[in-house]
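Asks: Chains as they are written, first to last, in my numbering: chain A, 1 to 301; chain B, 1 to 396; chain C, 1 to 370. Where is the CB? At the ideal position from N, CA and C, for every residue including glycine.
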Amino acid sequence: MFLQQIINGLTIGSVYALIALGYTMVYGILQLINFAHGEIYMIGAYMGIIAIGFFVYLGLADISLTLTLILTFIAAMIFTGAYGITLERIAYRPMRNAPRLSILISAIGMSIFLQNYVMLAQGAKDKIFPHDLKIQGGLTIADAHITYIQIMIMLISILMMAGLTYFVKKTKIGMAMRATSQDMRMAGLLGINTDRIIVITFFLGSILAGAAGVMISMYYGIVNFSMGYAAGIKAFTAAVLGGIGNIPGAMLGGILLGLIEALGAGYISSEYKDVFAFAILVIVLIFRPSGLLDERVSEKV
Amino acid sequence: MMANIKKLSLISIWLFGLTFPFVGIANAFYFFIITLFISSIWLLYKAMDIKLPAGIILPPRLKRGLDRKGARITAAAILAIPALLLPFFTDQYITNVAITAVAYIALAIGLNIVVGFAGLLDLGYVAFYAVGAYLFALLSTGAGLSFWAALPLAAIVAAAFGVLLGFPTLRLRGDYLAIVTLGFGEMIRITLNNWDSLTGGPNGILGIAAPSLFGLSLSQPAHYYYLIILLVLFTIFAANRLNNSRIGRAWIAIREDEIAAEAMGINIVKMKLLAFALGASFAGIAGAFFASRMRFVSPESFTFFESVIILSMVILGGMGSIPGVILGAVVLVILPESLRGFQNYRMIIFGSAMVLMMIFRPQGFIGSTRRRLELHPDDEKILQQETESLYDVEKR
Amino acid sequence: MKAFYRFFIFSLALLFLISCAKKEDVIKIGTAGPFTGDQARIGNDMKNGVELAVSEWNTKGGVLGKKIVLLAEDDRHDPKEAVSVANKLVSAGVVGVIGHLNSNCTKPASRIYNEKGIPMITPASTNPEITQQGFNSVFRTCGRDDQQGAGLAKFVIETLKKKKVAVLHDKTTYGQGLSEEFKKAAGDKVQVMIYEGVTQGDQDFKPVLTKVKSTNPDVIFFGGMHTEGGLIIKQAKELGIKAPVIGGDGLYGSTLLEVAGPAAEGSYMAFFTPTAETETGRNFVKNYTAKYGEIETYAPYAYDAANILLEAIAQAKTTDGKKLIEAIRAMKYEGAVGTIEYDAKGDIKKAGYTIYTVKDKKFITYSKSK
Chain A
1 MFLQQIINGL TIGSVYALIA LGYTMVYGIL QLINFAHGEI YMIGAYMGII
51 AIGFFVYLGL ADISLTLTLI LTFIAAMIFT GAYGITLERI AYRPMRNAPR
101 LSILISAIGM SIFLQNYVML AQGAKDKIFP HDLKIQGGLT IADAHITYIQ
151 IMIMLISILM MAGLTYFVKK TKIGMAMRAT SQDMRMAGLL GINTDRIIVI
201 TFFLGSILAG AAGVMISMYY GIVNFSMGYA AGIKAFTAAV LGGIGNIPGA
251 MLGGILLGLI EALGAGYISS EYKDVFAFAI LVIVLIFRPS GLLDERVSEK
301 V
Chain B
1 MMANIKKLSL ISIWLFGLTF PFVGIANAFY FFIITLFISS IWLLYKAMDI
51 KLPAGIILPP RLKRGLDRKG ARITAAAILA IPALLLPFFT DQYITNVAIT
101 AVAYIALAIG LNIVVGFAGL LDLGYVAFYA VGAYLFALLS TGAGLSFWAA
151 LPLAAIVAAA FGVLLGFPTL RLRGDYLAIV TLGFGEMIRI TLNNWDSLTG
201 GPNGILGIAA PSLFGLSLSQ PAHYYYLIIL LVLFTIFAAN RLNNSRIGRA
251 WIAIREDEIA AEAMGINIVK MKLLAFALGA SFAGIAGAFF ASRMRFVSPE
301 SFTFFESVII LSMVILGGMG SIPGVILGAV VLVILPESLR GFQNYRMIIF
351 GSAMVLMMIF RPQGFIGSTR RRLELHPDDE KILQQETESL YDVEKR
Chain C
1 MKAFYRFFIF SLALLFLISC AKKEDVIKIG TAGPFTGDQA RIGNDMKNGV
51 ELAVSEWNTK GGVLGKKIVL LAEDDRHDPK EAVSVANKLV SAGVVGVIGH
101 LNSNCTKPAS RIYNEKGIPM ITPASTNPEI TQQGFNSVFR TCGRDDQQGA
151 GLAKFVIETL KKKKVAVLHD KTTYGQGLSE EFKKAAGDKV QVMIYEGVTQ
201 GDQDFKPVLT KVKSTNPDVI FFGGMHTEGG LIIKQAKELG IKAPVIGGDG
251 LYGSTLLEVA GPAAEGSYMA FFTPTAETET GRNFVKNYTA KYGEIETYAP
301 YAYDAANILL EAIAQAKTTD GKKLIEAIRA MKYEGAVGTI EYDAKGDIKK
351 AGYTIYTVKD KKFITYSKSK
């Protein structure tokens, strides 16, 4: 049972981590809680189902399932990336110099807007991931079941996190991102196009959330327009748990949160599942007021 | 001109691309046309370079007149008369909406103490509202306590919860505080939903007594209306006195620069806890009123969304400004109600209205006068400093 | 100042117009439920059911020679909004209301309708407390949680002959109420291995199901709605749990089949008299699916509720609330979900449940309990 709970926790934890990265990157640069980020994840999940429906309709799934899945991921990520950029352009860029709390309200307004936009466009019913794709099934390891989708979620998450770390640490744009997060005005003076860096940050955060959305739509098999809210709050909690603005912190926070939830629900009470996450957060913050990995031990982006 | 047209069509094509997988090609095409239309108006507007006035648009003579205290009181009285007579010339529905609006004023004023005055971003304010509501519900159904006896109790217990939340969060700044308060609010709600033996769990508590006055049961909408107006006048009075007191100035000092405030001899711990406690007690009073009016409480009335809406009222109206917060509360209650005719489109319009209002008036409808005096808003540099000093996680 | 006066006069004129507009010669009935937000799906299902009934009456020429106008108001499953909506409907002059959907919205709203003596028929609020408030204007077309819970307990004990039961519920008034009543009715004839709540709207039930699995039950009882139910069925299969899932009317809906997919085979759920067994029911299913697509859960109940209200108006030959309430109480109505008769409290007299099971992606009748 313990092993099974660890598997459950790691699966959902890697998804939280991917979403939390979006929060933490935007926060690192703009000091803004991007409240609409959960909705971007929801849009990613919808796009996954819409895209795979389209490819199945074209008959691509019969030719190569792997190719279909890869194309689905790419399509969903491009779209969520575009939504992220548009979100920044409409709701955040005009308010660059406004009080930060006003931007927060703008973000909340955007979140309400996106949720209802998807509800109107796609209907209030749950959308279902096609059952007849041959991606079901799984392995049994000593009484614990792990499905292929769970394995895929963990692998893709690790790949994406590694990719992001490489991008931020080693590439020129990554370096510019780090500079911008340290001091936006100074970075601007040094010739970095900070507006462009902000756009790239939103794009990266959104495609990670989009990938998380597609994986969740495969894992649970359903999506609905209100799923972004709860996941968004959990992921934000994860980002704060790890130390907001800190990329490894968001990964650690996300996976920890998933494990806490699974073990708490499994061994204590599933009624209080959502309480555990917050309770742990409060305890951590009392002892380490800026998260598990705060800025001093590692650089922030 | 050519550049504008190019920009315009690019925007429209971009939005077409974004929307077509969701709404279908045909609808996305309508969007395309609509965006083309709206963005051309927007470009025209930008080309004309209209400056939005910083304050509410009033004729200069009226504005000068309003600055005199006597005139302000007269203006308030003129506005107050229709408000007081409202239940006599409207139907039950309008009265009910008015009750909701006025009740939210009490909540928004309470949150304004925490967020606007002391600068502590609280995303779980609804927890105290829930505490007040459930306390009265339990006292009324369990002990048969009257509304008037329970009202101070609700305020005191909610204040105690405020201190309870305040203690562990004293060291936290800005967004860390925000997420902990959010978690606190959710924890209270989930506990209310799960503690079946005390709170009835998801069933809630039914059969709460209506308040009574000299043996008269106040159960008509008009009664509730006057009752809440009375309570709100009290909260406005209290908040106003606080704002202009030593305590209020201490809060503002903490908000602007905590370290400097401490160096000036302000007791940060005491002042922060006081802000949480006072803000919470207002919510407790509003909660007790809510329970007595609905005659029923259940956990789904106290969701995070509720906290968000109250916070939006404070920020939309103008943080730190009492008239602003009142206006914000009234607008955010009446706007969704008046949009009911749009049915499913109601919340989408509400969401976009929030974004647009913030883009055009980031300081809220009525910015705090104190802030306007302290920091000249035209001076961009100072404005930026102000932005940075608010809720900054760390001092650079 | 001039602008202000103009605005004032304009508002006065508007008020005047609004008050005049009330004198149209139509009969207004109201419906309220969560039409937006995360329960919009089942809310709109209910609204469509009412709409269908109203449009059918209108094509027949309305009632009492007048056209029927349906006012649908969204309560977003928030009790505060429900009160606001109830006041709005009352102020608009509705003669009867179909709604609300959630028990916690129906509770505070029913008091407002009762004060005005307007009949309210809820198609979906199963909580027993609603009809225990002593309001004579309150009716429902669905059964109560305790009626249904007892039927399901009997089914588990006598038909399935299972001993070890794991009980899960979604921590809502409906889900928890049903599970409580099930546990109460089953008494010591079954062994409850685990009794836990999950969160409605959550999608990850694997942690709690892992716990369920370790207690090794013969059957899993779930009190809740079809989305969560479908996910629980699916995730239980993924964890290798072989015990079938059984639940109440909340599980009966096309969404469950879609969500759970092949995993749904062999699950059991109770539902009212099947729509396929009555003439009205068959016609209803045909017309509804042609107009709105798949039926979720509450559309047939809502359809019957609207028909009962309109039939009462036709029989009483008036829209007076008191007469309507009498007419509804005296009525014996053959509806889409079977025969509906009311007792003194406003509950249906005979809540016969049919147990369904899923076979080949369809709900089929398993056994009937009267």
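Using a Cβ-Cβ distance under 8 Å, would Leu206 (chain B) count as near chain C?
Replies: Along the second sequence, read from residue 1 onward, the residue named residue 206 (chain B) stands at position 206. Chain C, which has a Cβ nearer than 8 Å to the Cβ of Leu206 (chain B), makes this yes.
Asks: What's the gap between the Cα of Gly117 (chain C) and the Cα of Gly134 (chain C)?
Replies: To locate residue 117 (chain C), count along the third sequence from 1; it is residue 117. To locate residue 134 (chain C), count along the third sequence from 1; it is residue 134. Spanning the two alpha carbons is a distance of roughly 13 Å.
Asks: Rounded to whole angstroms, what's the CA-CA distance from Leu139 (chain B) to Leu145 (chain B)? Just pull it up for me.
Replies: Start at 1 with the first residue of the second sequence, and residue 139 (chain B) comes out as number 139. Start at 1 with the first residue of the second sequence, and residue 145 (chain B) comes out as number 145. Approximately 6 Å between the Cα atoms of the pair.
Asks: As a quick exercise: from B:Gly341, B:Ile310, B:Met358 and B:Met319, pick the residue whose alpha carbon is nearest that of Tyr104 (chain B).
Replies: The residue you call residue 104 (chain B) lines up with position 104 of the second sequence. Of the candidates B:Gly341, B:Ile310, B:Met358 and B:Met319, the one whose C-alpha sits nearest the C-alpha of Tyr104 (chain B) is B:Ile310.
Asks: For Phe79 (chain A) and Ala238 (chain B), what's the separation of their Cα atoms in angstroms?
Replies: As a position in the first sequence, residue 79 (chain A) is number 79, starting the count at 1. As a position in the second sequence, residue 238 (chain B) is number 238, starting the count at 1. Their Cα atoms are separated by approximately 51 Å.
Asks: In this structure, what does DSSP give as the bridge partners for His302 (chain A)?
Replies: The displayed coordinates of chain A run from 1 to 301. Any statement about residue 302 (chain A) would go beyond what the structure contains.
Asks: Would you check if the distance between the CB atom of Gly81 (chain A) and the CB atom of Ser217 (chain A) is smaller than 8 Å?
Replies: Counted from its first residue, the first sequence places residue 81 (chain A) at position 81. Counted from its first residue, the first sequence places residue 217 (chain A) at position 217. Against a cut-off of 8 Å, the Cβ pair of Ser217 (chain A) and Gly81 (chain A) comes out as no contact.
Asks: Put Met354 (chain B) into one of helix, strand or coil per three-state DSSP.
Replies: One-based indexing of the second sequence puts residue 354 (chain B) at position 354. Residue state, collapsed to three classes: helix.
Asks: Pull up the distance between the alpha-carbon of Thr122 (chain C) and that of Gly33 (chain C), whole angstroms please.
Replies: For the purposes of this step, residue 122 (chain C) is identified with residue 122 of the third sequence, where counting begins at 1. For the purposes of this step, residue 33 (chain C) is identified with residue 33 of the third sequence, where counting begins at 1. Those two C-alpha atoms are separated by around 10 Å.
Asks: When the Cα atoms are used, what is the spatial distance from Phe304 (chain B) to Ile233 (chain A)?
Replies: Residue 304 (chain B) sits at position 304 when you count from the first residue of the second sequence. Residue 233 (chain A) sits at position 233 when you count from the first residue of the first sequence. Whole-angstrom Cα-Cα distance: 10 Å.
Asks: Under a Cβ-count criterion, where at least 16 other Cβ atoms within 10 Å of its own Cβ denotes burial, should Gln4 (chain A) be classed as buried or exposed?
Replies: Position 4 of the first sequence, counted from the start, is the residue given in the question as residue 4 (chain A). So Gln4 (chain A) counts as buried.
Asks: Bridge partners for His226 (chain C) per DSSP, in chain order?
Replies: Within the third sequence, numbered from 1, the residue matching residue 226 (chain C) stands at position 226. Its beta-bridge partners do not exist; DSSP assigns none.
Asks: Please tell me whether Asn104 (chain C) has its Cβ less than 8 Å away from any Cβ of chain B.
Replies: Within the third sequence, residue 104 (chain C) is the residue found at index 104, counting from 1. Taking Cβ atoms only, chain B reaches closer than 8 Å to Asn104 (chain C), which makes this a yes.
Asks: Identify whether Gly96 (chain C) lies in helix, strand or coil by the three-state DSSP scheme.
Replies: Counted from its first residue, the third sequence places residue 96 (chain C) at position 96. Strand, per DSSP.
Asks: Pull up the distance between the alpha-carbon of Leu111 (chain B) and that of Thr289 (chain C), whole angstroms please.
Replies: As a position in the second sequence, residue 111 (chain B) is number 111, starting the count at 1. As a position in the third sequence, residue 289 (chain C) is number 289, starting the count at 1. So the two alpha carbons sit approximately 49 Å from each other.
Asks: On the criterion of 16 or more Cβ atoms from any shown chain inside 10 Å, does Glu296 (chain C) qualify as buried, or is it exposed?
Replies: Along the third sequence, read from residue 1 onward, the residue named residue 296 (chain C) stands at position 296. The residue is buried, with at least 16 neighbouring Cβ atoms inside 10 Å.
Asks: Let's test the definition: count the other Cβ atoms within 10 Å of the Cβ of Gln191 (chain C) and tell me whether it reaches 16, buried, or not, exposed.
Replies: Locating residue 191 (chain C) in the third sequence gives position 191, where the first residue counts as 1. Exposed, because fewer than 16 other Cβ atoms sit within 10 Å of the Cβ of Gln191 (chain C).
Asks: Check distances from the C-beta atoms of the region 114-127 of chain A to those of chain B and list, in chain order, the residues that come in under 7 Å.
Replies: Of all residues in the region 114-127 of chain A, Asn116, Tyr117, Val118, Leu120, Ala121 and Gln122 have a Cβ within less than 7 Å of some Cβ in chain B.
Asks: Report the partner residues of Ser212 (chain B) according to the DSSP bridge assignment.
Replies: Position 212 of the second sequence holds residue 212 (chain B). The partner list for Ser212 (chain B) (beta bridge, DSSP) reads B:Ser217.
Asks: In the region 158-207 of chain A, which residue ranges form an unbroken alpha helix (DSSP H) of at least 4 residues, counting only runs that do not cross its ends?
Replies: Counting whole runs of 4 or more residues, the region 158-207 of chain A contains the alpha helix (DSSP H) stretches 172-182 and 184-189.
Asks: Take every Cβ of the region 20-35 of chain A, pair it with every Cβ of the region 223-233 of chain C, and state whether three or more of those distances are shorter than 8 Å.
Replies: These segments do not touch.
Asks: Would you say Tyr220 (chain A) lies against chain C (beta-carbon separation less than 8 Å)?
Replies: On the first sequence, position 220 is the one that residue 220 (chain A) refers to. Chain C contact via Cβ: present.
Asks: Counting beta carbon pairs with one atom in the region 75-89 of chain C and one in the region 47-64 of chain C, are three or more of them shorter than 8 Å?
Replies: No contact exists between the region 47-64 of chain C and the region 75-89 of chain C.
Asks: Can you give the Cα-Cα distance for Ala283 (chain B) and Ser111 (chain A), rounded to whole angstroms?
Replies: On the second sequence, position 283 is the one that residue 283 (chain B) refers to. On the first sequence, position 111 is the one that residue 111 (chain A) refers to. Going by the C-alpha atoms only, they are around 26 Å apart.
Asks: Near Ala314 (chain C), what residues of its chain come up, given a Cβ to Cβ distance below 6 Å and the 5 sequence neighbours on each side ignored?
Replies: Locating residue 314 (chain C) in the third sequence gives position 314, counting from the first residue. Correct list, in chain order: Val63.
Asks: Spatial neighbours of Ile197 (chain A) within its chain, please: C-beta separation below 8 Å, excluding the five flanking residues on both sides.
Replies: Residue 197 (chain A) sits at position 197 when you count from the first residue of the first sequence. Hits under 8 Å: Ile29, Ile173, Ala176, Met177, Thr180 and Ala187.
Asks: Could you spell out the range, first to last residue, of the alpha helix (DSSP H) harbouring Glu277 (chain C)?
Replies: The residue given as residue 277 (chain C) occupies position 277 in the third sequence. It is not in any alpha helix (DSSP H) - Glu277 (chain C) carries neither H nor E in the DSSP assignment.
Asks: According to the Cβ coordinates, are Ala286 (chain B) and Leu135 (chain B) closer than 8 Å?
Replies: In the second sequence, the residue the question calls residue 286 (chain B) occupies position 286. In the second sequence, the residue the question calls residue 135 (chain B) occupies position 135. No, they are not a contact pair.
Asks: Between Val297 (chain A) and the rest of its own chain, which residues show a CB-CB distance below 7 Å, the 5 nearest in sequence each way excluded?
Replies: The residue given as residue 297 (chain A) occupies position 297 in the first sequence. Any reading at Val297 (chain A) needs caution, since the residue's pLDDT is 38, under 50, leaving its predicted position unreliable; the model's value is listed next. So no residue of the chain qualifies.
Asks: Taking Cβ positions only, does Gln200 (chain C) come closer than 8 Å to chain A?
Replies: On the third sequence, residue 200 (chain C) is found 200 positions in, with the first residue counted as 1. No, because no Cβ of chain A sits closer than 8 Å to the Cβ of Gln200 (chain C).
Asks: To the nearest angstrom, report how far apart Lys332 (chain C) and Ile33 (chain B) are at their CA atoms.
Replies: Your numbering for residue 332 (chain C) matches position 332 in the third sequence. Your numbering for residue 33 (chain B) matches position 33 in the second sequence. Near 55 Å, if we compare the C-alpha coordinates of Ile33 (chain B) and Lys332 (chain C).
Asks: Check for me: the beta strand (DSSP E) holding Lys28 (chain C) runs from which residue to which?
Replies: Counting from one through the third sequence, the residue named residue 28 (chain C) turns up at place 28. First-last of the beta strand (DSSP E) with Lys28 (chain C): Val26 to Gly33.
Asks: Who are the near neighbours of Leu139 (chain A) in its chain, counting only those whose CB is closer than 7 Å to its CB and skipping five residues on each side?
Replies: In the first sequence, counting from the first residue as 1, residue 139 (chain A) sits at position 139. Only Ile146 meet the Cβ criterion.
Asks: Excluding the 5 residues preceding and the 5 following Arg100 (chain A) in the sequence, name in chain order all residues of the same chain whose CB lies nearer than 7 Å to its CB.
Replies: The residue given as residue 100 (chain A) occupies position 100 in the first sequence. If we look at Arg100 (chain A) and ignore the five residues flanking it on each side, its Cβ neighbours are Gln31 and Leu32.
Asks: Is it right to say Asn240 (chain B) is buried, meaning 16 or more other beta carbons lie within 10 angstroms of its own, or is it exposed?
Replies: Sequence index remark: in the second sequence, residue 240 (chain B) carries index 240 (1-based). Exposed is the call here.
Asks: Does Pro119 (chain C) come within less than 8 Å of chain A when only Cβ atoms are used?
Replies: Here the question's residue 119 (chain C) lines up with position 119 in the third sequence. No, because no Cβ of chain A sits closer than 8 Å to the Cβ of Pro119 (chain C).
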